[in-house]
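Under our numbering, the residues of the sequence shown are numbered 936 to 1065, in order.
Note that CB positions come from ideal geometry on N, CA and C, so glycine has one too.
What you are looking at is a predicted structure, and each value in this text was computed from that prediction instead of being measured.
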Amino acid sequence: MVQEEAPIIGKDILGRTIRDYSNTTWWGIPRREIPWFPQIDYERCVGCGMCFLTCSGRVVYDWDFEKNRPVVARPYNCMVGCITCSNLCPRDAISFPSLSQLRKWRDKAQAVAKAAKFIRELRKELSRTK
Ligand code: SF4
Ligand code: SF4
């Protein structure tokens, strides 16, 4: 399977369902062995909320109302390779490991070969059911 099931562990303040992806694997590598998650430079953050509101699928962020800023509450929920919140941050306050590091993890996991195999098998399966 490409996407593993992750257990539901609650809801956040916006009522969004929170799952725990920390015990899943990423192309066969335990998710916790890949330190891919956002890091926030609070010197740059202006507390706009864009990252918190944008990450609605994986619900990586909580919001600290006292300090009016995001908190990376569930780092291993972050989808490996996603940088959407960073792209949308108006202050460039969110950073991730480098693209070259990401590609090292991709190669270590043999993710490209596994993806291609998955597609080949899916094609076969679909042609059998036609
Ligand atoms: S999007 Fe950027 S500036 Fe806005 S709350 Fe998040 S880190 Fe702070
Ligand atoms: S990179 Fe994507 S999955 Fe990770 S915290 Fe940002 S929006 Fe959420």
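Next on the checklist: Taking DSSP's pairing of strands, which residues face Asp999 in a bridge?
Outcome noted: For this step, residue 999 is matched to residue 64 along the sequence shown. Note: Asp999 sits in a beta bridge opposite Arg1004.
Next on the checklist: For Thr989, report the span of its alpha helix (DSSP H) as first-last.
Outcome noted: As a first step, residue 989 is located in the sequence shown; it is residue number 54 there, counting from the start. Note, Thr989: alpha helix (DSSP H), Met985 to Thr989.
Checklist entry - Measuring CA to CA, which of Arg954, Val995, Gly992 and Val1006 is closest to Tyr977? => result As a position in the sequence shown, residue 977 is number 42, starting the count at 1. The option with the nearest alpha carbon to Tyr977 is Val1006.
Checklist entry - With distances taken between CB atoms, is the gap from Trp998 to Ile944 smaller than 8 angstroms? => result Looking up residue 998 in the sequence shown gives position 63. Looking up residue 944 in the sequence shown gives position 9. Taking 8 angstroms as the cut-off, the Cβ atoms of Trp998 and Ile944 do not count as close.
Next on the checklist: My assumption, with CB atoms under 8 angstroms, is that Ile1054 sits in contact with Ile975. Please give the rounded CB distance.
Outcome noted: Start at 1 with the first residue of the sequence shown, and residue 1054 comes out as number 119. Start at 1 with the first residue of the sequence shown, and residue 975 comes out as number 40. Going by Cβ atoms, the distance from Ile1054 to Ile975 rounds to 36 angstroms, so no, they are not a contact pair.
Next on the checklist: Just to be sure I understand the criterion: a residue counts if its Cβ is closer than 6 angstroms to at least one heavy atom of ligand 1. Which residues meet that?
Outcome noted: Ile975, Cys980, Val981, Gly982, Cys983, Gly984, Met985, Cys986, Pro1005, Cys1024, Pro1025, Arg1026, Ala1028 and Ile1029
Checklist entry - Apart from the five residues on each side of it in sequence, which residues of its chain come closer than 8 angstroms, Cβ to Cβ, to Met985? => result Locating residue 985 in the sequence shown gives position 50, where the first residue counts as 1. Same-chain partners within the cutoff: Cys1020, Leu1023, Cys1024 and Pro1025.
Checklist entry - Looking at C-alpha atoms only, which residue of Glu939, Thr1064, Ser1033 and Arg1063 is the closest neighbour of Pro973? => result Here residue 973 refers to the residue found at position 38 when the sequence shown is read from its first residue. Out of Glu939, Thr1064, Ser1033 and Arg1063, Ser1033 has the C-alpha closest to the C-alpha of Pro973.
Item to check | Residue list, Cβ distance to ligand 2 heavy atoms smaller than 6 angstroms | outcome: Pro973, Thr989, Cys990, Arg993, Val995, Cys1013, Met1014, Cys1017, Ile1018, Thr1019 and Cys1020
Next on the checklist: Strictly by DSSP, which residues pair up with Ile1035?
Outcome noted: Reading the sequence shown from its first residue, position 100 is the one you call residue 1035. The displayed chain sequence assigns Ser, not Ile, to residue 1035. According to DSSP, which records beta bridges pairwise, Ser1035 is partnered with nothing at all.
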